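**Student:** The following block contains the structure, expressed as structure tokens.
2 protein chains.
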Amino acid sequence: MERDCGLPKDTLRVWERRYGFPKPLRDHHGERIYPADQVATLRLLRRLVDAGHRPGKVVGRSGEDLSVLLRQVGTPALQAIGSEAQQVMTLLGAHDAAGLREVLNAIVLRAGLGAFAAEVGPGLAEAVGTAWWRGALEIHQEHLFTEQFTTVLRSAINAAQGAGLPRRRPRVLFSTIPQEPHSLGLLMAEAMFTLEGCLGISLGVQTPIPEIAAAARAHKADILALSFSSMIPAPQAVAGLAELRAHIPDTVEIWAGGACPGLRPKPGVSVLRALSAIGPAVTAWRAREDKGSTPE
Amino acid sequence: MERDCGLPKDTLRVWERRYGFPKPLRDHHGERIYPADQVATLRLLRRLVDAGHRPGKVVGRSGEDLSVLLRQVGTPALQAIGSEAQQVMTLLGAHDAAGLREVLNAIVLRAGLGAFAAEVGPGLAEAVGTAWWRGALEIHQEHLFTEQFTTVLRSAINAAQGAGLPRRRPRVLFSTIPQEPHSLGLLMAEAMFTLEGCLGISLGVQTPIPEIAAAARAHKADILALSFSSMIPAPQAVAGLAELRAHIPDTVEIWAGGACPGLRPKPGVSVLRALSAIGPAVTAWRAREDKGSTPE
DNA sequence: TCCTCATATTTGTCCTGGACAAATACGCCA
DNA sequence: TGGCGTATTTGTCCAGGACAAATATGAGGA
């Protein structure tokens, strides 16, 4: 059930106790049955809470009230989106998967893989994310975008890897912590490192922390690249990074990036604010490495 | 915490109450802190329980006892794996991502995409899965396999789609229910449908059921293809299929497949036991469609 | 008027211990 | 030996209480 509206079971329970909503029916044994309309209202509530409303102020109000509030939130962001994003939103509205892929491919060819991954990609992802929690987009449309974007970007990365550019260190290991299921940020980072000629190995998302550490050792990684989306609570990101840092040797650097607001550099953990920072950071790493390996 | 050993919080609690294990430390406030060695033992326990052992018989025994039991389980399966699988296991053992990708690509080229997706892929996936829960493979090695396999297969699918073969109906929508995070089965199915010249649209994994239904309508899908891995409890798969069937129009067929043992055909839900069954099934669908559209 | 800091309120998550239905094993009879 | 009814095991839910972190509120000073 909590999967259907994005709210943990404990939260549903305590809302019911404190605010009198939701008011689920009970089956013959006494278990909660959430009617479809209450689930729909809960979904609205989740978005409002994510947008900054206090549960005490909005839980218990009618679905119509909530829709009104939802429309007031986030509308300003709508004006600022670029022309690519508008085109993408139109195609998503028309459920045109093939057209979407064509447009994305065209952007890669026109702007290049670097600009696509570092500039256009994050912009599109943010526009889609915003549109989703404004209610302008269904979840399945967001899934469709993610799928097409992934396909296009991965095939571009493959092409870049096969291009015969000499691959050399740093050896970079990509993954996310178990609480982070989003793969787009990781893939965009992989693109940037690939363009720098790095040796990249991806574990995909949601690898347990001891396993990331074990993999870093097994693959003799120089850099561990972690991606944190804006959906992940900042404390979890910080805790994950600290745990990871404690598990792996100091010779392995940890580079964290993504839209997560609470990300802060720590000893042994670099934070790259933007994907465009990857190029210079790799150059700096190589300079350090050359100096360090010079016999004194 | 439950994320780290794959056991729900409630289960950990009740094991603690009934069997006296785990015995977590408490922080200053009284919250449970699971030491690393207990987490490791819990991971062993999870595998044993998955393999059929009763919790009452194994929870509370020492880690060494459990390792012995784990070795006894599943060893017979080891002998039967093919030479490709042995090669893959060797490469995984050496953490050789590039070599793994080369081998997979070579299989695609030698055997063709159809045989790769329908025969080799499931065999490899099973071998890797078995090796994992036997303890012969780390989780990060399984992640590495999944990532490389996905990359190779997706790029082969892209090539097939771009090959200029005329695409025509049925229009197939791919996804999995929210409880099913595994994407390999879905991707192999997508390959098979692509080879038949179908129009495929993937939503990726873990789409909420009402959203799958909405997408089926929006995309005017003829067939909804769902994948169920062997890890998903059969009742959840059956319930998900029933709910889905109730949400979408009868004109949309539901085809389910995968290694999930409890999968049974129902009215309006076909079950394809093997990926090789997709080709004939598509042919049959087209025959039905042609007959149906003939003016009487 | 605006900013800063201390206090009050809100909110999510964890706690304990009890209950029960589904799944599984066991024993009986043909 | 095999099928079936009963006993046990097992996972998940329930209720209400507690507390720390997050957030809002208000007082005092520049």
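Going down the list, the sequences are from chains A and B. In terms of the working numbering, the first sequence has 220 at position 220, counting the first letter as 1, and numbering is strictly consecutive. Convert by adding 1000 to the 1-based position in the second sequence; the result is the number in the working numbering. Glycine included, C-beta positions come from ideal geometry on N, C-alpha and C. Bear in mind the structure is a predicted one, so any value in this text is a computation, not a measurement.
Using 8 angstroms for Cβ pairs, my map puts ARG154 of chain A next to ARG1154 of chain B. What's the rounded Cβ distance?
**Tutor:** Indeed, because the Cβ distance is near 6 angstroms, the residues count as touching under 8 angstroms.
**Student:** Output the boundary residues of the alpha helix (DSSP H) element that contains ALA213 of chain A.
**Tutor:** Start and end: 209-218.
**Student:** Could you list the residues in the segment 1215-1236 of chain B with a C-beta less than 7 angstroms from some C-beta on chain A, going in chain order?
**Tutor:** Here the close residues are ALA1215, ALA1218 and HIS1219.
**Student:** Assign PHE174 of chain A to one of three DSSP states: helix, strand, or coil.
**Tutor:** Strand.
**Student:** How far does the beta strand (DSSP E) with LEU1226 of chain B in it reach, from first residue to last?
**Tutor:** Where LEU1226 of chain B is concerned, the enclosing beta strand (DSSP E) stretches over 1223-1227.
**Student:** Using 10 angstroms around the beta-carbon of HIS29 of chain A, count the other beta-carbons present and answer buried if the total reaches 16, otherwise exposed.
**Tutor:** It is exposed - the Cβ of HIS29 of chain A has fewer than 16 other Cβ atoms within 10 Å.
**Student:** Going by DSSP in three states, ARG1018 of chain B sits in which element: helix, strand or coil?
**Tutor:** Reduced to three states, the DSSP call for ARG1018 of chain B is helix.
**Student:** Helix, strand or coil for LEU1078 of chain B? Go by DSSP, reduced to three states.
**Tutor:** Residue placement at LEU1078 of chain B is flagged as unreliable, the pLDDT there being 47, under the threshold of 50; the coordinate-derived value follows with that caveat. Correct three-state label for LEU1078 of chain B: helix.
**Student:** For the segment 276-289 of chain A and the segment 1013-1021 of chain B, state whether three or more C-beta atom pairs, one from each stretch, are separated by less than 8 angstroms.
**Tutor:** No, because fewer than three Cβ pairs between the segment 276-289 of chain A and the segment 1013-1021 of chain B fall closer than 8 angstroms, the two stretches do not touch.
**Student:** Under 8 angstroms between the Cβ atoms of ALA234 of chain A and PRO261 of chain A?
**Tutor:** Cβ distance < 8 angstroms, so ALA234 of chain A and PRO261 of chain A count as in contact.
**Student:** Where DSSP assigns a beta bridge to SER1062 of chain B, which residues make up the other side?
**Tutor:** SER1062 of chain B is not bridged to any residue.
**Student:** Tell me which residues share the same chain as VAL205 of chain A and place their Cβ nearer than 6 angstroms to its Cβ, disregarding the 5 neighbours each side in the sequence.
**Tutor:** Around VAL205 of chain A: THR176, PRO181 and SER183.
**Student:** Going along chain A in order, which residues have a C-beta closer than 7 angstroms to the C-beta of GLU1211 of chain B?
**Tutor:** Result: GLU138, ILE139 and HIS140.
**Student:** Nearest-angstrom Cα distance between PRO1265 of chain B and GLU1253 of chain B?
**Tutor:** So the alpha carbons of these two residues sit roughly 12 angstroms apart.
**Student:** Would you mind giving the Cβ-Cβ distance between ALA256 of chain A and VAL271 of chain A, rounded to the nearest angstrom? I have them listed as a contact below 8 angstroms.
**Tutor:** About 5 angstroms separates the two Cβ atoms, so the contact holds.
**Student:** Can you find a C-beta in chain B that's less than 8 angstroms from the C-beta of GLU102 of chain A?
**Tutor:** With 8 angstroms as the cut-off, GLU102 of chain A does not count as an interface residue toward chain B.
**Student:** Among the residues of its own chain, which have a CB less than 8 angstroms from the CB of GLY1164 of chain B, if the five just before and after it don't count?
**Tutor:** Closer than 8 angstroms at the Cβ level, and outside the excluded window around GLY1164 of chain B, lies no residue.
**Student:** Going along the chain, which residues of its own chain have a beta-carbon closer than 6 angstroms to the beta-carbon of TRP285 of chain A, five neighbours each way excluded?
**Tutor:** The residues are PRO170.
**Student:** Rounded to the nearest angstrom, how far is the Cβ of ILE201 of chain A from that of HIS219 of chain A, given a contact under 8 angstroms?
**Tutor:** With 8 angstroms as the limit, ILE201 of chain A and HIS219 of chain A qualify as a contact, their Cβ atoms being about 6 angstroms apart.
**Student:** What's the call for GLY1056 of chain B, buried or exposed, on a 16-neighbour Cβ count within 10 Å?
**Tutor:** Counting Cβ neighbours within 10 Å, GLY1056 of chain B comes out exposed, since fewer than 16 surround it.
**Student:** Return the chain-ordered list of same chain residues with a C-beta closer than 8 angstroms to the C-beta of GLY1060 of chain B, the five sequence neighbours on each side being excluded.
**Tutor:** The residues are TYR1019, GLY1020 and PHE1021.
**Student:** The segment 1178-1205 of chain B: which residues have C-beta closer than 7 angstroms to a C-beta of chain A, in chain order?
**Tutor:** Cβ contacts with chain A: PRO1178, ILE1201, SER1202, LEU1203 and GLY1204.
**Student:** Does the distance from the CB of LEU1203 of chain B to the CB of LEU144 of chain A come in under 8 angstroms?
**Tutor:** In this structure, LEU144 of chain A lies closer than 8 angstroms to LEU1203 of chain B by Cβ.
**Student:** Take SER67 of chain A and list the residues in its own chain whose beta-carbon comes closer than 7 angstroms to its own, dropping the five residues that flank it on each side.
**Tutor:** The answer, listed in chain order, is LEU44.
**Student:** Comparing the C-beta of SER155 of chain A with each C-beta of chain B, is any distance below 8 angstroms?
**Tutor:** Closer than 8 angstroms: yes.
**Student:** Identify the contact partners of ASN105 of chain A in chain B, using a Cβ-Cβ distance below 7 angstroms as the criterion.
**Tutor:** Simply none; closest approach about 10 angstroms.
**Student:** Measure the Cβ-Cβ separation of LEU187 of chain A and THR150 of chain A and say whether it is below 8 angstroms.
**Tutor:** Against a cut-off of 8 angstroms, the Cβ pair of THR150 of chain A and LEU187 of chain A comes out as a contact.
**Student:** Using a Cβ cut-off of 7 angstroms, pull out every chain B residue sitting near HIS143 of chain A, in sequence order please.
**Tutor:** By Cβ distance, chain B contributes LEU1203, GLY1204 and THR1207.
**Student:** Could you name the residues of chain A that GLU1147 of chain B contacts, counting a contact when the two beta carbons are closer than 7 angstroms?
**Tutor:** Simply SER202, LEU203 and GLY204.
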